[in-house]
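**Student:**
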Amino acid sequence: MDLQTIASITSNPATMLFIVSSLLFSIFLLALWKKHNFLSLLYAHLFFALIPIATLAIKIKCSPAFQNSWISFCTMLFSKFVIYFLPAIIIITAVIGFFFIPKFYQKTSQRHKSKSFEKLCKKTRINADLFLIDKSKPEAFSTGKNIFLTVGLFEILNKSEREAVILHELSHVKSHSSLNKFSELFVKTFSPIAWFSSKRIVKCEEIKADNFAAEFQKTNKFLESAKIKIKNYLST
Amino acid sequence: MKEKIAEFSTLLSPLERNVLKLLWPDKKMRVKEILLKLPSKVALSSVAVICDRLHEKGLLKREIEKSEKDCIRYVYYPSKDKANFEKSVIEKAVNNLINAFGQTAVSYFNERFEKKK
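Top line first, the protein sequences correspond to chains A and B. Every position in the first sequence, counted from 1, becomes a number in the working numbering once 342 is added. Every position in the second sequence, counted from 1, becomes a number in the working numbering once 2 is added.
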């Protein structure tokens, strides 16, 4: 392909949008195939949000009177923005989510080696590293393959409650929740429909992780008591 | 003016004062040990919150203690002794009074000292 053919494609909004929507649809199918349900849902939203714009673009193409109007200009700008920036955004998401954020937290925290954590990893067959943050507010979160716990969490919770929290985070590592959350954040800026679904997605992830911990421990007693203790701390 | 007086009276809460009293004889204590020695019954989480607040105020220092049984705890110890702390409180109060009343406060202090003499 020489430059002229590329220019002719990019100057036509209808073809551009066709390419973008098919690209999104293929990502959607790929995500479905990989069983990343939430991710696929988000790409589907993007795909459907593009349909009205695509039809508009095709209509504009049909009537030459609209060719030079501001609507056609906006559509072209939008489609160009999407086709150039969407792959970039996906890459940026992956780099930030899996490289920069873990690095940032790793600098502020120290790696903690514990036998009980390694045992849990072996039993659940999930690879993860445990990091300790010098902070008295009880918090636990995960990015990529790293799990971060604060000293405050160790201080307040007893052994089985701590295990429940670690299992909850291990489930997040297993289902790549951090990637899902990041892509959801970026997709939100493009698809207005994603705004409505995003709350549900975070909730579903949490419920899934809770269920994982409860199934492993065969009771949700410890997880619930841990949640109550953390709530009590935050309310005082 | 009212705000400044309120600032002084709320410098420490009763629980904070109790925690400091326990730690002032230059002791190193974990949160659980403090909880056991406190006169009133309080939840563990609220003692942890109080210790963290005192740490933020600069009255307590802390270290991370790791034991073999995967127990990770903070050990708190006072950064100032009691005399130093009281001195800083008095300094703050006197400064507040002088800032609020200026000349009147200074002349009152003079009168007060002369009476004592």
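By construction, the Cβ of each residue, glycine as well, lies at the ideal position given by its N, Cα and C atoms. The model shown is predicted, which means the values in this text are computed figures rather than measured ones.
(1) Please classify G104/B as buried or exposed, where buried requires at least 16 neighbouring CB atoms within 10 angstroms.
(2) For L576/A and K479/A, what's the separation of their Cα atoms in angstroms?
(3) Comparing alpha-carbon positions, which option in L521/A, N522/A, V493/A and I549/A lies nearest L509/A?
(4) Check the Cβ of L46/B against every Cβ in chain A and list those closer than 7 Å, keeping chain order.
(5) Give me whichever residues DSSP pairs with Q105/B in a beta bridge.
(6) Taking Y575/A as the query, report the chain B residues whose CB atoms sit under 7 Å from its CB, ordered along the chain.
(7) For the region 26-38 of chain B, enumerate the residues whose C-beta is nearer than 7 Å to any C-beta of chain A, in chain order.
(8) For R80/B, which three-state DSSP category applies?
(9) Excluding the five sequence neighbours on either side, which residues of its own chain have a C-beta within less than 7 Å of the C-beta of G60/B, listed in chain order?
(10) Between which residues of its own chain and K4/B is the CB-CB distance below 6 Å, once the five residues before and five after are set aside?
(11) Taking the alpha helix (DSSP H) that I443/A belongs to, which residues open and close that run?
(12) Should V108/B be labelled buried (16 or more other beta-carbon atoms within 10 Å of its own) or exposed?
(13) Check each candidate in L499/A, V507/A, S363/A and K477/A and name the one with the smallest Cα separation from F558/A.
(14) With distance defined between alpha-carbon atoms, name the residue in A50/B, L25/B and P16/B nearest to K84/B.
(15) From the DSSP output, which residues share a beta bridge with K68/B?
(16) Which class does R114/B belong to by DSSP, given the choice of helix, strand or coil?
(17) Can the beta-carbon of L499/A be found less than 9 Å from the beta-carbon of A568/A?
(18) With 9 Å as the C-beta to C-beta threshold (strictly closer), list the residues of the region 62-93 of chain B near chain A in chain order.
(19) For the region 514-523 of chain A and the region 480-499 of chain A, state whether three or more C-beta atom pairs, one from each stretch, are separated by less than 8 Å.
(20) Give the single residue among L491/A, I468/A and I433/A whose Cα lies nearest to the Cα of T450/A.
(21) Can you pull out the residues from the region 555-568 of chain A whose beta carbon lies closer than 8 Å to at least one beta carbon of chain B?
(22) Do T578/A and S47/B have their beta-carbon atoms positioned less than 9 Å apart in this structure?
(23) What's the gap between the Cα of E67/B and the Cα of V77/B?
(24) K650/A versus chain B: which residues are under 7 Å apart at the beta carbon?
(25) Return the chain-ordered list of same chain residues with a C-beta closer than 6 Å to the C-beta of L17/B, the five sequence neighbours on each side being excluded.
(26) Between the C-alpha atoms of L419/A and F441/A, what's the straight-line distance to the nearest angstrom?
(27) Just how far apart, CA to CA, sit K445/A and I434/A?
(28) Use the C-beta contact count for L470/A: other C-beta atoms within 10 angstroms, 16 or more gives buried, fewer gives exposed.
(29) Tell me whether D86/B is buried or exposed, calling it buried when 16 or more other Cβ atoms sit within 10 Å of its Cβ.
(30) Using a beta-carbon distance below 9 Å, is S502/A in contact with chain B?
**Tutor:** According to the structure data:
(1) Of the residues assessed, G104/B falls on the exposed side of the cut-off, its CB having fewer than 16 other CB atoms within 10 angstroms.
(2) L576/A and K479/A have their C-alpha atoms spaced approximately 8 Å apart.
(3) Taking only the C-alpha atoms, the option nearest L509/A is I549/A.
(4) Within chain A, the residues I498 have their CB atoms less than 7 Å from the CB of L46/B, given in chain order.
(5) Answer by DSSP bridge pairing: none, since Q105/B is not bridged.
(6) At a beta-carbon threshold of 7 Å, the residues of chain B lying near Y575/A are S47, A50 and V51, ordered along the chain.
(7) Residues passing the 7 Å Cβ filter: V33.
(8) The residue asked about is misnamed: residue 80/B is Pro in this sequence, not Arg. Here P80/B sits in strand by DSSP.
(9) Here the set comprises S81.
(10) The predicted position of K4/B is uncertain, since its pLDDT is 46 and thus under 50; no value can be drawn from it.
(11) Judged by DSSP secondary structure, I443/A falls within the alpha helix (DSSP H) whose first and last residues are I443 to T450.
(12) Its Cβ having fewer than 16 others within 10 Å, V108/B is exposed.
(13) Ranked by Cα distance from F558/A, the first of L499/A, V507/A, S363/A and K477/A is V507/A.
(14) Closest option to K84/B, Cα to Cα, is L25/B.
(15) Paired residue(s): I74/B.
(16) The answer is helix: DSSP assigns R114/B an H, G or I state.
(17) Yes. Within cutoff.
(18) Closer than 9 Å at the C-beta level to chain A, one finds these residues of the region 62-93 of chain B: R64, I66, K68, K71, D72, C73, I74, R75 and Y76.
(19) Contact holds: three or more Cβ-Cβ distances are below 8 Å.
(20) For the options L491/A, I468/A and I433/A, the alpha carbon positioned closest to that of T450/A is the one of L491/A.
(21) Here the close residues number zero.
(22) Yes.
(23) Going by C-alpha positions, E67/B is about 7 Å away from V77/B.
(24) Lying before the first or after the last residue shown, residue 650/A is absent from chain A, which here runs from 343 to 578.
(25) Scanning its chain for C-beta atoms nearer than 6 Å, with the 5 sequence neighbours on each side dropped, one finds around L17/B the residues I52, in chain order.
(26) Each residue's alpha carbon lies about 31 Å from the other.
(27) Roughly 15 Å separates the two Cα atoms.
(28) A small correction: the amino acid at residue 470/A is Ala; Leu does not occupy that position in the sequence shown. That one is buried.
(29) Before going further, note that residue 86/B is Asn rather than Asp in the sequence given. Per the 10 Å Cβ criterion, exposed.
(30) It does not; no Cβ of chain B falls within 9 Å.
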